[in-house]
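First to last, the sequence lines map onto chains A and C.
When we follow my numbering, the leftmost residue of the first sequence carries the number 3, and every step to the right adds one.
When we follow my numbering, the leftmost residue of the second sequence carries the number 3, and every step to the right adds one.
Number of protein chains: 2
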Amino acid sequence: MIESKQRHVVVLGAGFGGLTFCQTFRHPAARITVVDRTNHHLFQPLLYQVAACGLSAPEIAQPIRGILSHRTDITVLFNRVVSFDLVKQQVQLEKGKLDYDYLVLAMGGQTGYFGHPEWERFAPGLKTLDDALRIRSKILLAFEQAENENNPAERDRLLTTVVVGGGPTGVELAGAFAELARTVLNRDFRRIDPTKARILLIEGSPLVLSHLPPDLSASAQRQLEGLGVQIRNNIHVKDIRAGEVELANGEIICAGNIIWAAGVSATPLTRKLGVKLDKAGRVKANPDLSLPGHPEVFAIGDMALVLQESGQPVPGVSPAAMQMGRHVAKIIEREINSHDQPLSRAAFKYRDKGTMATIGRSAAVAWLGRFKCSGFPAWLAWLFIHLIFLIGFRNRLAVLFQWTWSYFSFNRSARIITYAPPDSSETK
Amino acid sequence: MIESKQRHVVVLGAGFGGLTFCQTFRHPAARITVVDRTNHHLFQPLLYQVAACGLSAPEIAQPIRGILSHRTDITVLFNRVVSFDLVKQQVQLEKGKLDYDYLVLAMGGQTGYFGHPEWERFAPGLKTLDDALRIRSKILLAFEQAENENNPAERDRLLTTVVVGGGPTGVELAGAFAELARTVLNRDFRRIDPTKARILLIEGSPLVLSHLPPDLSASAQRQLEGLGVQIRNNIHVKDIRAGEVELANGEIICAGNIIWAAGVSATPLTRKLGVKLDKAGRVKANPDLSLPGHPEVFAIGDMALVLQESGQPVPGVSPAAMQMGRHVAKIIEREINSHDQPLSRAAFKYRDKGTMATIGRSAAVAWLGRFKCSGFPAWLAWLFIHLIFLIGFRNRLAVLFQWTWSYFSFNRSARIITYAPPDSSETK
Numbered sequence: 003m004i005e006s007k008q009r010h011v012v013v014l015g016a017g018f019g020g021l022t023f024c025q026t027f028r029h030p031a032a033r034i035t036v037v038d039r040t041n042h043h044l045f046q047p048l049l050y051q052v053a054a055c056g057l058s059a060p061e062i063a064q065p066i067r068g069i070l071s072h073r074t075d076i077t078v079l080f081n082r083v084v085s086f087d088l089v090k091q092q093v094q095l096e097k098g099k100l101d102y103d104y105l106v107l108a109m110g111g112q113t114g115y116f117g118h119p120e121w122e123r124f125a126p127g128l129k130t131l132d133d134a135l136r137i138r139s140k141i142l143l144a145f146e147q148a149e150n151e152n153n154p155a156e157r158d159r160l161l162t163t164v165v166v167g168g169g170p171t172g173v174e175l176a177g178a179f180a181e182l183a184r185t186v187l188n189r190d191f192r193r194i195d196p197t198k199a200r201i202l203l204i205e206g207s208p209l210v211l212s213h214l215p216p217d218l219s220a221s222a223q224r225q226l227e228g229l230g231v232q233i234r235n236n237i238h239v240k241d242i243r244a245g246e247v248e249l250a251n252g253e254i255i256c257a258g259n260i261i262w263a264a265g266v267s268a269t270p271l272t273r274k275l276g277v278k279l280d281k282a283g284r285v286k287a288n289p290d291l292s293l294p295g296h297p298e299v300f301a302i303g304d305m306a307l308v309l310q311e312s313g314q315p316v317p318g319v320s321p322a323a324m325q326m327g328r329h330v331a332k333i334i335e336r337e338i339n340s341h342d343q344p345l346s347r348a349a350f351k352y353r354d355k356g357t358m359a360t361i362g363r364s365a366a367v368a369w370l371g372r373f374k375c376s377g378f379p380a381w382l383a384w385l386f387i388h389l390i391f392l393i394g395f396r397n398r399l400a401v402l403f404q405w406t407w408s409y410f411s412f413n414r415s416a417r418i419i420t421y422a423p424p425d426s427s428e429t430k
Numbered sequence: 003m004i005e006s007k008q009r010h011v012v013v014l015g016a017g018f019g020g021l022t023f024c025q026t027f028r029h030p031a032a033r034i035t036v037v038d039r040t041n042h043h044l045f046q047p048l049l050y051q052v053a054a055c056g057l058s059a060p061e062i063a064q065p066i067r068g069i070l071s072h073r074t075d076i077t078v079l080f081n082r083v084v085s086f087d088l089v090k091q092q093v094q095l096e097k098g099k100l101d102y103d104y105l106v107l108a109m110g111g112q113t114g115y116f117g118h119p120e121w122e123r124f125a126p127g128l129k130t131l132d133d134a135l136r137i138r139s140k141i142l143l144a145f146e147q148a149e150n151e152n153n154p155a156e157r158d159r160l161l162t163t164v165v166v167g168g169g170p171t172g173v174e175l176a177g178a179f180a181e182l183a184r185t186v187l188n189r190d191f192r193r194i195d196p197t198k199a200r201i202l203l204i205e206g207s208p209l210v211l212s213h214l215p216p217d218l219s220a221s222a223q224r225q226l227e228g229l230g231v232q233i234r235n236n237i238h239v240k241d242i243r244a245g246e247v248e249l250a251n252g253e254i255i256c257a258g259n260i261i262w263a264a265g266v267s268a269t270p271l272t273r274k275l276g277v278k279l280d281k282a283g284r285v286k287a288n289p290d291l292s293l294p295g296h297p298e299v300f301a302i303g304d305m306a307l308v309l310q311e312s313g314q315p316v317p318g319v320s321p322a323a324m325q326m327g328r329h330v331a332k333i334i335e336r337e338i339n340s341h342d343q344p345l346s347r348a349a350f351k352y353r354d355k356g357t358m359a360t361i362g363r364s365a366a367v368a369w370l371g372r373f374k375c376s377g378f379p380a381w382l383a384w385l386f387i388h389l390i391f392l393i394g395f396r397n398r399l400a401v402l403f404q405w406t407w408s409y410f411s412f413n414r415s416a417r418i419i420t421y422a423p424p425d426s427s428e429t430k
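Have a look at this one:
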């Protein structure tokens with residue numbers, strides 16, 4: 003093989019897409035720099051467990067450096083992207099800049115408020131570890147404040163939690179909060195009865211988990227209601243203010259906690275790329291995942307809009323992001339090996355491995371191709387699949403240990419209020 | 003036994019002293035209300051492990067409600083003490099007030115800056131879980147910033163950590179930071195060499211751990227230096243400013259992190275009691291631990307100054323606090339049983355079970371009565387004793403698991419930067 007010049011591959015984001023690219027791509031004639039605004043890879047599917055006191059933060063987060071420390075061809079930078087110059091092939095960072103031969107955009111998404119950014123301070127979303135810790139503290143704080151509260155109306159408000167959005171995150175959060183109140187906190191208070199805590203789930207469509215077959219959605223809805231979650235279907239949120247949610251029908255719900263699980267949009271940085279975006283801010287990528295007019299730039303994961311043959315977009319789930327990471331790794335490897343001779347590139351094909359959602363202790367729904375199930379078997383499948391995908395062996399063991407323990411003891415040990423968030427005042 | 007009126011015992015603080023009182027005191031004619039400003043009991047001896055990424059916060063903190071949930075005669079309030087009225091026998095809380103028949107003051111201490119409160123923002127102390135998480139983030143952040151830094155002088159500053167105070171906390175922190183840099187982070191960076199990170203320990207006396215016999219202190223000092231910690235003995239700090247420490251000899255040390263482990267003072271709330279305090283703000287308690295002139299009020303743990311027969315004060319360590327909690331529980335029980343007839347009360351006697359400090363991986367010193375040891379055996383003893391005293395069975399297992407894992411893997415999985423502290427700007 004002819005010695006070819008050293009290529010520099012810059013990867014922005016160490017989520018499922020970016021990390022999988024780094025773990026797949028390796029070439030003697032290339033080095034990688036991966037940039038992330040946090041120092042850890044987050045196992046987002048379990049983020050709701052941190053918010054619901056089931057797991058501690060480090061159990062679902064692994065230091066990126068730790069995961070990649072054996073790869074001396076990879077440099078990890080804890081830094082923020084400021085802007086791009088796709089012509090100069092340069093990325094401007096908060097501190098310094100990077101020139102690239104190949105650029106992989108894998109910065110993921112953020113909570114989207116459908117054009118109501120002002121709702122964020124009253125109804126935080128769940129995308130980062132800090133979000134989860136903030137929600138955990140706010141939920142626990144509300145129970146503590148209720149125990150100190152003499153005014154019944156205010157007590158009821160504090161004991162009411164509204165989750166907006168009946169997708170997987172909303173369903174998992176609502177279920178986990180219901181369990182927290184009914185099976186964990188139930189013995190802990192003297193003046194209030196945590197089992198009287200109201201958890202409301204607001205969903206615009208007729209059933210929760212509308213991306214699943216109707217029978218599974220119906221089963222999920224039944225299992226949630228079995229846990230005591232009050233579900234409002236077919237209704238949208240009109241406004242969110244400090245401590246209250248106004249529904250489309252004018253009804254106002256006073257709540258000590260409001261959590262937004264209704265929308266995801268791509269990182270606003272996509273606007274600085276100067277390429278076509280969809281209304282969620284996602285980059286309209288070519289079939290090979292490259293950017294129109296920029297074969298050296300790729301967009302993967304939640305920040306990319308990629309259409310399947312069906313015309314449907316590839317869903318924003320971690321398996322899709324990982325598959326995209328592998329796809330791009332192969333393309334770049336082939337090109338370097340061919341000494342940059344233009345090659346026809348394969349189009350990305352999403353292989354749907356199925357989808358599942360957990361609702362609570364031994365309650366879940368799973369849809370794996372032909373195979374559908376719900377209840378305990380689905381929950382076991384969910385547990386198993388999430389454990390084997392947890393990055394980092396030690397975490398897997400610790401999490402399994404944690405779950406087994408809380409499953410049999412009805413105990414959630416991460417019930418710790420730390421670092422009262424700046425917006426904690428809003429609980430009042 | 004004649005039916006006697008219901009007594010209300012108010013316990014302020016659920017640290018080692020307050021919690022032990024609650025677990026020891028139980029009387030059919032009495033109920034307890036325990037007030038704490040956090041929702042968790044903290045196993046402070048391991049707090050430095052959280053700051054040094056060895057353990058996650060929930061592993062050393064147990065929800066107070068969880069620990070006491072089986073005690074229906076105990077009400078736990080997450081609330082703050084505002085003031086006292088010892089005459090009316092009333093405690094004013096941030097929300098509401100409490101009348102008491104007996105009051106147990108167990109609010110512990112806080113970091114003391116010897117009359118230099120302005121140093122706190124530049125040199126945080128280590129008393130609470132939030133302190134530990136803040137320090138953890140700042141330490142990790144400093145390495146990350148160094149990796150992004152091109153100016154060598156600034157890089158060196160970021161890689162310098164100063165620990166002020168060579169007591170147990172300072173020694174444990176310095177040792178843990180040295181190990182973090184040399185055995186954990188060493189493989190993780192590409193532009194900086196973490197093993198070049200400087201950890202300085204500033205101690206006013208000729209040896210660290212001056213409360214131990216000289217040979218043990220000397221051994222501790224050797225073990226620390228073996229880990230690469232640079233110890234400055236016989237020198238005090240003159241001033242602390244943003245990112246720099248000035249020593250008594252005028253020398254200025256630029257540091258990315260400065261941690262204060264030099265002093266502890268009682269909670270400032272003791273000033274509102276209107277009783278005699280020592281210069282550390284501790285209550286000068288009677289031999290039976292009651293307050294002069296107030297036989298129904300007791301002070302225990304770090305906020306009490308209690309003299310031993312030797313004339314030496316009882317040390318501010320958790321075993322002492324726990325012994326005081328049991329002592330007061332016995333006194334109150336006897337008095338209720340005697341239907342409030344005045345009884346002569348026993349004086350508190352501190353039984354010294356020995357003292358130990360860990361320096362790092364299989365490095366420690368222990369002084370248990372006649373028995374002295376250092377190095378690996380001391381470390382094992384330390385590990386064992388701390389594990390059996392960890393409150394909460396599940397934690398004990400999880401922590402043992404964690405330690406075993408990091409011991410063999412040289413891996414510290416809690417290397418997670420969460421919730422950038424407001425003062426993180428000061429690292430610049």
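All C-beta atoms in this analysis are idealised placements derived from N, C-alpha and C, irrespective of residue type, glycine included.
> With which residues is C/I137 paired in a DSSP beta bridge?
Replying inline: Partner(s): none; C/I137 has no beta bridge.
> Along chain C, which residues have their Cβ under 7 Å away from the Cβ of A/L389?
Replying inline: In chain order: nothing, as chain C lies at least about 16 Å away.
>> Below 7 Å on C-beta distance, what does C/L142 contact in chain A?
In response: N41
> Residues of chain A with a CB under 9 Å from the CB of C/N259: which are they?
Replying inline: Under the 9 Å cutoff, chain A gives no residues; its nearest Cβ is about 16 Å from C/N259.
> Is the CB-CB distance between C/Q225 and C/G377 below 9 Å?
Replying inline: Contact: yes.
> Which two residues bound the contiguous beta strand (DSSP E) that contains C/N259?
Replying inline: Taken as a continuous stretch (DSSP letters only), the beta strand (DSSP E) holding C/N259 covers N259 to W262.
>> Can you look up C/K240 in the DSSP assignment and give me helix, strand or coil?
In response: strand
> What does a CB cutoff of less than 8 Å around C/P215 pick up in its chain, not counting 5 residues either side in sequence?
Replying inline: W369 and K374
>> Tell me the rounded alpha-carbon separation between C/L218 and C/S212.
In response: Approximately 9 Å, taken between the alpha carbons.
> How should C/G295 be labelled, buried or exposed, when 16 other C-beta atoms within 10 angstroms of its C-beta is the threshold for buried?
Replying inline: By the neighbour-count rule (16 or more Cβ atoms within 10 Å), C/G295 is not buried but exposed.
> Of the residues that make up the segment 186 to 215 of chain C, which ones have a beta carbon closer than 8 Å to any beta carbon in chain A?
Replying inline: L187, R189, D190, F191, R192 and R193
>> Less than 9 Å between CB atoms is the rule here; does A/Q404 satisfy it with respect to chain C?
In response: Proximity of A/Q404 to chain C, defined by a Cβ-Cβ separation below 9 Å, is satisfied.
> Going by Cα to Cα distance, which pick from A/V210, A/P270, A/A365 and A/D132 is closest to A/P379?
Replying inline: For the residues A/V210, A/P270, A/A365 and A/D132, the minimum Cα distance to A/P379 belongs to A/A365.
> Whose CA, out of A/G20, A/C256 and A/R398, lies closest to the CA of A/M109?
Replying inline: A/G20
>> Counting C-beta neighbours from all protein chains within 10 Å, is the total for C/H267 16 or more, i.e. buried, or is it exposed?
In response: As written in the sequence, residue 267 of chain C is Ser, which differs from the His given in the question. By the neighbour-count rule (16 or more Cβ atoms within 10 Å), C/S267 is buried.
> Roughly how many whole angstroms lie between the Cα atoms of C/L182 and C/G362?
Replying inline: 10 Å
> Can you name the start and end residues of the alpha helix (DSSP H) that A/L389 belongs to?
Replying inline: Counting along the chain, the alpha helix (DSSP H) containing A/L389 begins and ends at F378 to F391.
> For a contact meaning CB atoms closer than 8 Å, what does A/S58 contact in chain C?
Replying inline: S58, A59, P60 and E61
> Counting only runs that start and end within the segment 19 to 77 of chain C, where is the beta strand (DSSP E) found for 3 or more residues in a row?
Replying inline: 32 to 38, 42 to 44 and 63 to 65
> Do A/A257 and A/E248 have their C-beta atoms within less than 9 Å of each other?
Replying inline: no
> What is the DSSP secondary structure of A/F179, counted as helix, strand or coil?
Replying inline: The DSSP-derived three-state label of A/F179 is helix.
> Which word fits C/K281, buried or exposed, when buried means at least 16 other C-beta atoms lie within 10 angstroms of its C-beta?
Replying inline: exposed
> With a Cβ-Cβ cutoff of 9 Å, do A/W431 and A/P119 count as a contact?
Replying inline: Nothing about residue 431 of chain A can be read from this structure; chain A reaches only from 3 to 430.
>> Residues of chain A with CB closer than 7 Å to the CB of C/K97, please, in chain order.
In response: Those within 7 Å of C/K97 in chain A are N150.
>> Give me, in chain order, the residues of the same chain whose beta-carbon lies closer than 6 Å to that of C/D103; leave out the 5 immediate sequence neighbours on both sides.
In response: R9 and H10
> Name the chain A residues that come within less than 7 Å of C/E146, Cβ to Cβ?
Replying inline: N41 and F80
>> Out of C/L107, C/P170, C/A323 and C/A144, which one is the CA nearest neighbour of C/K351?
In response: C/A323
> Buried or exposed: A/L105, going by 16 or more other Cβ atoms within 10 Å of its Cβ?
Replying inline: It is buried - the Cβ of A/L105 has at least 16 other Cβ atoms within 10 Å.
> Between the C-alpha atoms of C/P317 and C/S346, what's the straight-line distance to the nearest angstrom?
Replying inline: 26 Å
>> Between C/W369 and chain A, is any beta-carbon pair separated by less than 9 Å?
In response: Answer no: the Cβ-Cβ gap between C/W369 and chain A never drops below 9 Å.
> In terms of alpha-carbon separation, which member of C/P270, C/Q94 and C/E335 lies closest to C/A306?
Replying inline: C/P270
> Using a C-beta cutoff of 9 Å, does C/T360 count as contacting chain A?
Replying inline: no
> Where A/A422 and C/T40 are concerned, what is the direct C-alpha to C-alpha distance, given to the nearest angstrom?
Replying inline: At A/A422, the pLDDT of 43 sits below 50, so the modelled position is not reliable and the matter cannot be decided from this model.
> How many Å lie between A/F23 and A/V285 at the Cα?
Replying inline: 18 Å
> When burial is assigned at 16 or more other CB atoms within 10 Å of the CB, is A/D2 buried or exposed?
Replying inline: Since the first residue shown for chain A is 3 and the last is 430, residue 2 of chain A is missing from the structure and cannot be characterised.
> Taking the beta strand (DSSP E) that A/S267 falls in, what are its first and last residues?
Replying inline: V266 to A268
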